[in-house]
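K.L.:
The structure is given below, and queries will be raised subsequently.
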Amino acid sequence: MNDAAALATMLRTSRVVVCVGPGGVGKTSTAASIALSAARSGRRSLVLTIDPAKRLANALGLPEIGHVESDVSQSAFRAASLPVPAGRMTAMMLDIKTAWDEVVARHHPDPSGRQRLLQNRLYVALSTALAGSQEYMAMEKLFELSTRREDPLDLIVLDTPPAEHAIDFLEAPSRILDALDNEATRWLVEPFQASGRISKKVFDAGSSFFIRTIARFTGTELLQDLAEMLSEFQGMFDGFRARAQAVRMLLEASDTAFAIIGGPRKDALDAVAAFHERLRQRGARVGMVVFNRVETEVLGPCAGLDEEALAGYVGAAGGTPDLMRRIVRLAEATDARYREEQRRIDALLPRLGDTQVVRIPELGQDIHDLRGLDILARTMFSAEAPVF
């Protein structure tokens, strides 16, 4: 179902909107359009993206988007011949390494230990490469933004990394913390903290299979870096887990909504159904499902006309019979895709329950400017827009 008033209420009352979905379905553009809609309604909004592509910066009229918030200026709207929003919109792109460094600088209890960790070779490498780093840092940044007192935000729109399952994003912080703080790593950290170095005793028969196996393939020097890194993290784990729990509560709150972004292809539809089911199982509020790039009907009321009648329309426009036949064949093929996509989406609706569903028509080109984002925003949230 689609109720423009219900969607407007979601936009007005939500504190956080988390956009989830597979890759290649327009998730980043949709997230930016949600933030734009909120700004138009007078709210202070921020879109936080993980996507390093330049196209979002271009669409927002910005030279670039980085780890620091950038204002979508009034002049950008005027240059696009669009009304200036009543509220304010900013955008930022999460830089994983910078985000890790900020967390260490903010929460490490000891200045000298903080510096050792920031200069640790393994930390420098793993802070961007460790599986789950993107998701964990997105959580840390979400906590920071949602609790700041200076320039508080009415709405944070989080554009998550592509994930095969919605649960991947929600559980990544726990997985990365478990990888850094577990019985095996403590086997390595405890002797290091006792002596400040890795001794041969760490590798004897009494040590864990994990430690002995790692040492065999990496050598003592790399293991020394690993021990130092894990040792410096020890005083931060309680804070890590406390903030992860706070964000989990935020994501399960009534003023947080998940927007599942998909498309009309079968694989994308299957992903939407799986995301919806897992989120509902966790008690999350699914505010909307957006199907992007849905085919539109071409012939419409002309579909029942015979070729002679259609030839009259084409001839009146200066076309030839051959051109008419080619146009009709193309239109019929397009309408066949339209009917098939509608059938697939309609078949999925019972599984989505009362979740608001928006079908965004194929716009014919990638969104590359504010006007394109504005069209997408109005299509999602305006009762007068072509939501079908």
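For what it's worth, my numbering labels the leading residue of the sequence shown as 983, then goes sequentially. Even for Gly, the Cβ is constructed at its ideal location relative to N, Cα and C. Just so it is clear, the structure is predicted and the values come from calculations on it, not from any experiment.
1. Sort L1345, R1262 and F1257 by Cα distance to E1234 and report the nearest one.
2. In this structure, how does DSSP classify S1236 when only helix, strand and coil are distinguished?
3. Just confirm the distance between the C-beta atoms of G1269 and Q1338, as a whole number of angstroms; I'd bet it's less than 8 Å.
4. Out of P1143, S1019, L1038 and V1106, state which residue places its alpha-carbon closest to the alpha-carbon of A1073.
5. Indicate the three-state DSSP secondary structure (helix, strand or coil) for D1186 in the structure shown.
6. Among A1255, G1221 and R1103, which one has its Cα closest to the Cα of E1203?
7. If you draw a straight line from the alpha carbon of L1140 to that of R1311, how long is it in whole angstroms?
8. How about R994 and D1237: do their beta carbons lie closer than 7 Å?
9. Helix, strand or coil, according to DSSP, for D1141 in the structure here?
10. Decide if M1231 is buried, meaning its Cβ has at least 16 other Cβ atoms within 10 Å, or exposed.
11. Comparing alpha-carbon positions, which option in E1259, R1247 and F1257 lies nearest N1274?
12. Just verifying my parser: in three-state terms, what is the DSSP assignment at D1304?
13. Considering Cα atoms alone, identify which of R1026, A1014 and L1044 is closest to I1032.
14. Provide the residue span of the alpha helix (DSSP H) that contains T1129, from first to last.
15. Please give me, in chain order, every unbroken run of the beta strand (DSSP E) with length at least 3 that falls completely inside the segment 1300-1362.
16. Quick one: what's got a C-beta closer than 7 Å to V1085's C-beta in the same chain, skipping five residues either side?
17. Cα-Cα, which of F1222, S1057, R1131 and L1030 is closest to H1090?
18. Would you kindly check if the distance between the Cβ of V1007 and the Cβ of A1209 is under 7 Å?
19. Spatial neighbours of A1081 within its chain, please: CB distance less than 8 Å, with the 5 preceding and 5 following residues excluded, ordered by chain position.
20. Check each candidate in A1113, L1137, T1278 and V1029 and name the one with the smallest Cα separation from A1154.
21. Per DSSP, V1002 is paired with what?
22. With a floor of 3 residues, list each beta strand (DSSP E) that falls wholly inside the segment 1051-1081, ordered by position along the chain.
23. Measuring CB to CB, does G1003 end up less than 7 Å from L1352?
24. State the DSSP-derived secondary structure class of T1031, mapped to helix, strand or coil.
P.N.:
Taking the coordinates as given:
1. R1262
2. S1236 sits in coil when the DSSP states are folded into three classes, being neither helix nor strand.
3. 7 Å
4. A check of alpha carbon separations from A1073 across P1143, S1019, L1038 and V1106 identifies L1038 as the nearest.
5. Caution applies to D1186, whose pLDDT of 49 falls short of 50 and renders its modelled position unreliable; the model cannot decide the point.
6. Of A1255, G1221 and R1103, the residue nearest in Cα terms is R1103.
7. 42 Å
8. In this structure, D1237 does not lie closer than 7 Å to R994 by Cβ.
9. strand
10. exposed
11. Per the Cα distances, R1247.
12. helix
13. Nearest of R1026, A1014 and L1044 to I1032, Cα basis: A1014.
14. S1115 to T1129
15. 1338-1343
16. E1122
17. Measuring C-alpha to C-alpha distances from H1090 to each of F1222, S1057, R1131 and L1030 identifies F1222 as the nearest.
18. no
19. H1049, M1119, E1122 and K1123
20. A1113
21. I1242
22. 1070-1075, all fully within the segment 1051-1081.
23. Taking C-beta atoms as the reference points, G1003 and L1352 fail to come closer than 7 Å.
24. strand
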